[in-house]
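The numbering of the sequence shown is our numbering, which starts it at 102 and goes up by one. Heads up, the beta-carbon is just placed ideally off N, CA and C, and yes, glycines get one too. One structure is given here, and the rest of the page talks about it.
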Amino acid sequence: MIRYALEDDAQQLVKLRLAEQKELHPDADATSDKVKAIEKWIRQSIGNVNTLILVSETDGKIGATCTFVVEHNIPGLVDNGNYAYMCNVYTVPEQRKQGIMADMISQGEVELKARNVCAVYFDSVSASMISLSQKLGYVHRTSFYSKDLVD
């Protein structure tokens with residue numbers, strides 16, 4: 102069942118975030134400060150009007166999650182300035198390739214349209230995420246630049 106995250110889901114969502122991060126950064130340490138920061142963000146974001154956290158639950162266990170963070174930017178001449186950044190997209194290995202994430206993203210898009218969001222964007226190095234997004238109609242539009250501000 103796909104649903105919105107609840108406060109009671111926070112611990113499971115922390116575990117999923119850590120699993121996702123370990124897949125991306127196998128040599129990184131999950132220090133207590135980092136785990137606390139992840140938990141704080143999740144707890145503050147659940148129920149936040151500008152954050153949509155979806156989960157896929159089976160028998161009380163969350164096996165997938167997808168988050169959309171809504172940004173209200175200055176409107177342009179061709180859009181209203183309301184965008185959503187898709188992040189924390191993760192499915193446990195044993196539930197992958199079942200269409201769960203495609204359903205979650207599609208359900209999120211319906212909600213975002215109702216909230217007057219004009220576009221969704223994400224960045225990823227995951228070949229499976231890039232492939233899935235293309236199947237769902239996402240296109241590579243531009244490159245963006247970033248600069249690390251923390252040593």
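Taken atom to atom, the span from the alpha-carbon of SER225 to that of ILE103 is near 23 Å.
In this structure ASN149 is exposed. Its beta-carbon is surrounded by fewer than 16 other beta-carbon atoms within 10 angstroms. Counting along the chain, VAL115 sits inside the alpha helix (DSSP H) bounded by residues 111-125.
The criterion of a C-beta distance shorter than 8 Å is satisfied by VAL170 and THR152. Secondary structure at SER157: strand, using DSSP grouped into helix, strand and coil. Using a C-beta cut-off of 8 Å, the segment 189-205 makes no contact with the segment 132-140, since fewer than three inter-stretch Cβ pairs fall below that distance. Taking C-beta separations shorter than 8 Å and ignoring five residues to either side along the sequence, the partners of ARG144 in its chain run GLU108 and ALA111, following chain order. DSSP places ALA131 in no beta strand (DSSP E); its state is neither H nor E.
Around the beta carbon of VAL190, 16 or more other beta carbons lie within 10 angstroms, which makes this residue buried. Taking each of ALA129, GLY200 and HIS126 in turn and checking the Cα distance to LEU237, the smallest one comes out for GLY200.
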